[in-house]
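According to this note's numbering, numbering within the sequence shown proceeds without interruption in unit steps and concludes at 609. Ideal Cβ positions, reconstructed from N, Cα and C, are used throughout, including at glycine. As the structure is a prediction and not an experimental result, all values here were calculated from the model.
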Amino acid sequence: MLDWYSVSILIFVIALVFALYKDRRNLERSSILLVRRTNKGKRLIRRIANTCPRFWKWLGNVGILIGFVVSVYITYFMISSFFTSLFSETAVSSLSVVVPSMSATTSIGPGYLAVPFWYWIISIALLVVVHEGMHGIMTIIGKTRIKSLGWGVMAILPLAFVEPDEKALQKKDIVTRLRVYAAGSLSNFIFAIIYIGLFTLIASALLIPSGVSYAGTFQGYPAAQSNLTGAITDINGYQIRNQDDLTLALEKIGINETITITTFNGTDNLIFNLNTTSSPKTKFEPGIFTDFVISLESNFPGTVKLLDSLSGLTEAQTKSWQYLTYEKQFWEYAKVNNPTIANDADIHIAEIEKELEGRHEPGFIGIGGISTYHILKEEYKYAESGISFVQGLLFFLFILNLGVGLANLLPIIPLDGGKMWDDLLKQYIPSKAELITKILAWSVFLIIIAGFVIPFLK
């Protein structure tokens with residue numbers, strides 16, 4: 152029997168098919184891709200771009216810098232995650248495909264994140280409009296003609312596009328071209344910040360912390376095996392009001408223990424019994440950034456303490472078993488790899504070991520995307536369902552904008568990151584640019600494929 156959520160999806164699909172059929176004479180079809188080109192919207196993009204051209208040029212230049220920095224980081228992250236997965240007992244998935252879920256719940260598995268359909272469809276639609284709209288603005292700022300813009304669908308995936316005059320764009324200077332390429336991801340990052348800001352504002356103004364919610368469960372772990380649902384409010388008598396309460400409770404309980412979890416699904420309290428296990432992500436994995444921080448600590452003592460304070464960690468989080476264990480491994484690594492701070496490292500290790508006395512590894516139940524669960528203040532109860540939907544939508548808008556912005560900057564053509572590196576290499580080393588671009592693109596592409604495959608082999 153279909154529930155209301157499935158029925159609403161079915162109605163949407165039927166309405167979409169009807170709308171496409173009615174407009175079929177204006178559609179261009181290629182396999183499962185349907186595109187509707189139009190000139191509507193050009194005037195709006197020109198108006199926005201011409202409102203303050205100097206600001207948009209400045210923002211475009213910032214976008215170029217951010218684009219290259221993030222591209223280097225995400226590429227390094229992919230390579231690092233690949234080797235971590237290759238040589239560790241537990242695979243680390245560096246990328247996930249975001250797919251729609253036909254239910255109102257979220258699930259996480261190897262290489263995928265299943266998001267409730269309405270969150271997914273609305274988020275993708277807004278994301279592509281913002282992404283392509285910023286491309287259009289930078290195209291106009293670069294005094295390049297927009298040939299056409301439009302919308303489309305690939306199966307049921309909504310699409311939007313701004314098509315600049317590519318021949319004219321290629322004749323522009325490299326900075327102009329880079330502004331256009333970097334614009335899409337920059338807009339995603341900006342809106343990710345806006346969405347998480349709105350999410351936080353709603354949480355602080357209208358809600359009271361009352362438990363812990365999670366984006367989904369990890370397949371093969373206790374929460375998924377027990378079909379855990381609802382926000383966690385109690386574990387073995389420990390009241391759970393926020394993430395710190397959850398961390399401290401699981402640390403006191405430990406691993407390989409039977410626990411009773413009370414959750415709240417919006418209407419009823421539910422009881423689940425399951426066994427805790429070990430976390431798959433407790434091992435310290437040093438990288439380039441680790442060595443950089445150690446170098447700074449050697450030359451500027453106190454750098455690590457400063458970074459800790461800037462990270463925004465609460466006192467409860469900084470004293471958790473995971474954090475202390477990670478910090479101890481960091482100082483052990485620093486002691487071996489930079490003898491100039493060996494004495495300071497010994498002092499830090501001794502302090503951490505003292506704090507760890509009597510402590511043990513916290514239990515792990517296999518939930519991801521953990522956040523504080525809030526209930527509405529009494530005066531806003533009348534709008535509870537609407538506020539809950541908006542809050543969930545803002546969360547996934549943040550996740551998807553951030554994720555797409557990062558992935559789009561990978562050095563793979565036709566992604567914008569690939570175009571940026573291709574242009575830069577052709578500008579400074581034209582004779583080797585094509586070879587380097589191909590090697591880099593194929594290397595990252597194969598690492599992405601391996602990142603999806605490895606978790607299924609372990």
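Residue span of the alpha helix (DSSP H) that contains residue i, given as start and end
i: I410; result: Here I410 belongs to no alpha helix (DSSP H); instead the beta strand (DSSP E) covers T409 to F415.
i: F169; result: W155 to K173
i: I616; result: There is simply no residue 616 to check, as the chain begins at 152 and stops at 609 in what is shown.
i: T476; result: W472 to N488
i: I196; result: K193 to T202
Residue i in three-state terms, based on DSSP
i: H511; result: coil
i: M253; result: coil
i: R392; result: coil
i: E314; result: strand
i: L545; result: helix
i: D574; result: helix
i: P565; result: coil
i: Y533; result: helix
i: D419; result: coil
i: N424; result: strand
i: I383; result: strand
i: K298; result: strand
i: L457; result: helix
i: I580; result: coil
i: I600; result: helix
i: I498; result: helix
i: I503; result: helix
i: I518; result: strand
i: I406; result: coil
i: K589; result: helix
i: N117; result: For the chain, the structure presents residues 152 to 609; residue 117 sits outside this window and is missing.
Cβ separation of residue i and residue j, assumed to be a contact under 8 Å, to the nearest whole Å
i: Y531; j: L357; result: 5 Å
i: P360; j: N393; result: 5 Å
i: L300; j: T189; result: 7 Å
i: L425; j: I516; result: 7 Å
i: L544; j: Y156; result: Rounded, the Cβ-Cβ distance is 15 Å, inconsistent with contact.
i: I325; j: M253; result: I325 to M253, Cβ: 46 Å. No contact.
Bridge partners - residue i, DSSP secondary structure assignment
i: V186; result: E179 and G303
i: T523; result: V363
i: F369; result: I259
i: A265; result: V250 and S258
i: P309; result: V304
Residue range of the beta strand (DSSP E) that includes residue i
i: G335; result: No beta strand (DSSP E) contains G335, which is instead part of the alpha helix (DSSP H) from I325 to L357.
CA nearest to the CA of residue i, picked from the options
i: G405; options: Q473, T351 and V331; result: Q473
i: F415; options: H525, F546, I345 and P315; result: H525
i: Q370; options: T411, G262 and Y156; result: G262
i: I272; options: L560, L548 and G602; result: L548
i: K577; options: I353, L329 and E478; result: L329
i: H282; options: L425, P309, I160 and L399; result: P309
i: E512; options: G520, T476 and N552; result: T476
i: I386; options: T411, L399 and A366; result: T411
i: A496; options: K583, L561, A485 and D419; result: A485
i: M285; options: R198, F169 and V164; result: R198
Cutoff 8 Å: residue i Cβ touching any chain D Cβ
i: F415; result: Checking the listed chains, one finds no chain D in this structure; it contains a single protein chain.
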